[in-house]
Structures are given as structure tokens and as C-alpha cells.
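Below is one structure, written out as C-alpha cells; comments come after it.
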Amino acid sequence: MTDKIALTPKTHSTPPARFSHGVRKGNILQVAGQVGFLPAEEGKPPTPAGPTLREQTLQTLANVQAVLQEGGASWEDAMMIRVYLTDVDHFAEMNQIYNTYFEEQGLTRPPAARTTVYVGLPAGLLVEIDALAVLD
Amino acid sequence: MTDKIALTPKTHSTPPARFSHGVRKGNILQVAGQVGFLPAEEGKPPTPAGPTLREQTLQTLANVQAVLQEGGASWEDAMMIRVYLTDVDHFAEMNQIYNTYFEEQGLTRPPAARTTVYVGLPAGLLVEIDALAVLD
Amino acid sequence: MTDKIALTPKTHSTPPARFSHGVRKGNILQVAGQVGFLPAEEGKPPTPAGPTLREQTLQTLANVQAVLQEGGASWEDAMMIRVYLTDVDHFAEMNQIYNTYFEEQGLTRPPAARTTVYVGLPAGLLVEIDALAVLD
Numbered sequence: 001m002t003d004k005i006a007l008t009p010k011t012h013s014t015p016p017a018r019f020s021h022g023v024r025k026g027n028i029l030q031v032a033g034q035v036g037f038l039p040a041e042e043g044k045p046p047t048p049a050g051p052t053l054r055e056q057t058l059q060t061l062a063n064v065q066a067v068l069q070e071g072g073a074s075w076e077d078a079m080m081i082r083v084y085l086t087d088v089d090h091f092a093e094m095n096q097i098y099n100t101y102f103e104e105q106g107l108t109r110p111p112a113a114r115t116t117v118y119v120g121l122p123a124g125l126l127v128e129i130d131a132l133a134v135l136d
Numbered sequence: 001m002t003d004k005i006a007l008t009p010k011t012h013s014t015p016p017a018r019f020s021h022g023v024r025k026g027n028i029l030q031v032a033g034q035v036g037f038l039p040a041e042e043g044k045p046p047t048p049a050g051p052t053l054r055e056q057t058l059q060t061l062a063n064v065q066a067v068l069q070e071g072g073a074s075w076e077d078a079m080m081i082r083v084y085l086t087d088v089d090h091f092a093e094m095n096q097i098y099n100t101y102f103e104e105q106g107l108t109r110p111p112a113a114r115t116t117v118y119v120g121l122p123a124g125l126l127v128e129i130d131a132l133a134v135l136d
Numbered sequence: 001m002t003d004k005i006a007l008t009p010k011t012h013s014t015p016p017a018r019f020s021h022g023v024r025k026g027n028i029l030q031v032a033g034q035v036g037f038l039p040a041e042e043g044k045p046p047t048p049a050g051p052t053l054r055e056q057t058l059q060t061l062a063n064v065q066a067v068l069q070e071g072g073a074s075w076e077d078a079m080m081i082r083v084y085l086t087d088v089d090h091f092a093e094m095n096q097i098y099n100t101y102f103e104e105q106g107l108t109r110p111p112a113a114r115t116t117v118y119v120g121l122p123a124g125l126l127v128e129i130d131a132l133a134v135l136d
């Protein structure tokens, strides 16, 4: 039997429902949809990193990365990244932020595949990202 | 060679197009997007369980579960659950229904990861859910 | 270690950001969200196959297939196909196109699972499709 493990970074608040921020089973790791919440502080409700697309995208990527790392993975292992934006006009700016972020990661393997679509999100949130990783 | 098997619960009507309600190949099981249709009755078009979010969410979860079970899996094996709602205002109520449902399932393993986004769905449908599972 | 390989069909233009059109690692292959762009021509910006749902859907499916083939896979290996449409009224027509396309493929294995939702896409694009495949 392969264990199924919940991945709960210390920076993350309790999910608002009965789901895990990430799960790993064998070499498959799935990160739940992350948004731009700052590291959790006790007694404080989840708070976005800021109102701008840049602030939220960078914090969201950091939150996805934290879950990957909690499961012993990294961006190198990411196969698919799903980006949900609320506004088609944010595509070019998100791509710039995304590119700079991943250049700075200095990955040696090819980047993950990606799908970007435009959906509704709770008020104040401009971006949500989830990821599927396959570990070595 | 690992077989790829279509999963077609007896409760399910024929898909409206050339896709499977679920497929399993090796230990990977993918459930197609399910909606709140009642168990199929011959000669009757697919009918939602009711107009409310509660009725549709519970029926949708039952439909996902039927596909998992058809493939020899259960919620214990679910890695990712994607929830598509049509209205941001349904988030809190969906979470309540979701939590109660999964408490009643009495799972011993951590819950699946989840992403919830708000999209358009065919008229009358308030929720769609799909799932990825990894079997032992 | 299992290699993670980027899949870049010759027909495809450079992605607009730091992601791969597809990646394969071991027997898992993920195709990024494809749209109905015609085969890339040097010095020409990405151009949709046409304004109609039919033209774009068929070109999108061809683009997904090209990535699958680049990774040594085919539609036979597809486990999940995600279809993003911009208009609920396109569902019936997309299904007809989808069915005819897959009939013509003459697959011997069950078709992939599928989820269809309605989202926003960049201006002029009516459909986006991604796919997850598990190879033998």
C-alpha cells in the first residue's frame, strides 16, 4: 500500500472546508487551488498579500511552492500549473510576473505545462493557482 | 501493457458525447465532470435531483462516488476534487454541504485537495464536480 | 530518476510565457491548454484557424494531438480532456464536432473522461482544450 499524505505547510491557515492544501501518494502530488493569502497568523482571518495582481500572483506562487516542498517536491517536478484569472486583461501582466518568477527559480528542467482561463473568484481575489507534480 | 477501462455506473445515462464517465489505467482513475442528475431512467432525459444547491451537490457527489466505486476506488483514493460553481455566493453553503458529506463518509485518510472556481454551466445546473484518484 | 521532457511540436509557436506545450515524465503526459492556432509560421503572430467554433475546435484537437504524439502517445492514452468554451450555447455543436472527430480517429480503447465548463478566453478564441494522458 502506498500512503496518502496530507501536505499542510506551517504558513497555511486551515482550509475553509474538508480538503487538504495538498496530498501526495506515491510519486503523485496534487496541490489544491492556492490564492494570495499571506502566511497565516493566529486569530487573524486569511488576508491577501495586497490588492494588485503582482502581489497576489507572487504570494500565490509562494503558497503553491510551500505545498510542493512540504511533499518533498519542487517546481522541477511540476507537470501542470492551472492559472485562474478573473480578467482577460491581466494575461500579459501575469505572464511577465510568471516569467520573471520562474527565471529567478533557475530551474534546470523544462517548465510545467499550463492552462490559463478566466473565471469568477471570491471578492478581492484576482488569481488562483493549482499544480500537479510527479516526483522522481 | 496496462489496460484502459471505461467506468460506467449502472445509475448513469449515456454521456452526451464520445467520452467516458470515468477511466482507469493502472492505478490512475479519472472521473469526468459530474452534475446532479438523478439515476438514469430509460426513456427519460437526464433530470437534476432538484433546483437547490444542496440537492444538486449531494447528487453530484454521489455520482462521482459511483464512478470511483465502479473503478474499484473510493473517496479514500481521491487526490483532487474540482468543484465548479456558478455563483460565488454559493461558496459557504457548498462548503457546509461538502463538510457534512465527507464527515459522514468517515474517511480514515486525509481528504483530497480541491480547487473551486466559478464558471458558466448549462441552464438549471449549479454545480459540477470531477475527481482524480490514485489507487493503492 | 525519471526524466521530465518538454514536448514541443514543430507546428507550435513558442509559448507566450515560461511553460511547456506539454511535458512527459515516466508514463504521465500532460498537454497544456491548446487553442485553435494554425501551425506557426515564422514572423507571423499566432493566428486562429478561423472564427467559427468548428474551425477552432478541430484545430485545437489537432494541436492537442500533436503534443500527445510528440511524447509518444496518442488519443488512446488520453485519460482526461478538459474543454473550455466561452458560450453555453456552443455545447451541442461542440459535441457534434467532438463526436465526429473521435469517430474518425477509430480508437480501439474507451474514450477519455471529459469536463466541459464555460469561462472567459482571450478575444476571438471560442475554445481551449487540455489533456492528461497515461502511457502504457
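Chains as they are written, first to last, in the UniProt record's numbering: chain U, 1 to 136; chain B, 1 to 136; chain L, 1 to 136. Positions of the beta carbon are idealized from the N, C-alpha and C atoms, including for glycine.
Check: Distance, B:Leu126 Cα to B:Tyr118 Cα; Outcome: 10 Å
Check: At least three beta-carbon pairs within less than 8 Å, the stretch 38-45 of chain L to the stretch 6-22 of chain L; Outcome: yes
Check: Through-space distance from B:Ala123 to L:Phe91, alpha-carbon basis; Outcome: 12 Å
Check: Min CB distance B:Lys44 to chain L below 8 Å; Outcome: no
Check: Below-8 Å beta-carbon distance, U:Leu126 vs any chain B residue; Outcome: no
Check: Chain U within 8 Å of B:Ala113, Cβ atoms only; Outcome: yes
Check: U:Ala6 Cβ short of 7 Å to the ligand NAP heavy atom set; Outcome: For the ligand NAP, the structure offers nothing, since it holds no ligand at all.
Check: Beta-carbon contacts of L:Thr60 that lie in its chain and below 8 Å, excluding the five residues immediately before and after; Outcome: Gln34, Val35, Gly36, Val127, Glu128, Ile129
Check: Residue-level contact to chain L via CB, B:Tyr84, 8 Å cutoff; Outcome: yes
Check: Complete alpha helix (DSSP H) runs within the stretch 43-130 of chain U (minimum length 4 residues, chain order); Outcome: 53-70, 91-105
Check: The stretch 78-87 of chain B / the stretch 103-117 of chain B touching (three or more Cβ pairs under 8 Å); Outcome: yes
Check: Nearest-angstrom Cα separation, counted from L:Gly22 out to L:Tyr87; Outcome: Strictly speaking, residue 87 of chain L in this sequence is Asp, with Tyr absent from that position. Rounded to the nearest angstrom, the two C-alpha atoms are 26 Å apart.
Check: Neighbour-count burial assignment, B:Glu41, 16 or more Cβ in a 10 Å radius; Outcome: exposed
Check: Proximity test, Cβ basis, 8 Å: residue 155 of chain L and chain U; Outcome: The question about residue 155 of chain L has no answer here: the residues shown for chain L are numbered 1 through 136.
Check: Limits of the beta strand (DSSP E) - the one that B:Gly24 falls within; Outcome: Correcting the residue type first, residue 24 of chain B is Arg in the shown sequence and not Gly. Segment 22-25, the beta strand (DSSP E) holding B:Arg24.
Check: Where U:Glu70 falls, given that 16 or more other Cβ within 10 Å makes a residue buried; Outcome: buried
Check: Beta strand (DSSP E) segments (min. 3 residues) lying fully within the UniProt region "Disordered" (1-21) of chain U; Outcome: 4-6
Check: Partners in chain B for L:Arg109, counting only beta-carbon separations shorter than 8 Å; Outcome: Lys4
Check: Listed by chain order, chain U residues near L:Ala133 by CB distance under 8 Å; Outcome: Residues of chain U passing the Cβ test: none, with the nearest at roughly 11 Å.
Check: Counted within 10 angstroms of its Cβ, other Cβ atoms place residue 152 of chain U as buried (16 or more) or exposed; Outcome: With chain U running from 1 to 136 in the structure shown, residue 152 of chain U is simply not present.
Check: Proximal chain B residues relative to L:Phe37, where beta-carbon distance stays under 9 Å; Outcome: Under the 9 Å cutoff, chain B gives no residues; its nearest Cβ is about 23 Å from L:Phe37.
Check: Environment of B:Thr2 [buried if 16+ CB atoms lie within 10 Å]; Outcome: exposed
Check: B:Asn99 versus U:Leu7, U:Lys4, U:Phe19, U:Pro9, residue with shortest Cα-Cα distance; Outcome: U:Phe19
Check: For B:Ala133: DSSP bridge partner residues; Outcome: B:Leu29, B:Ala78
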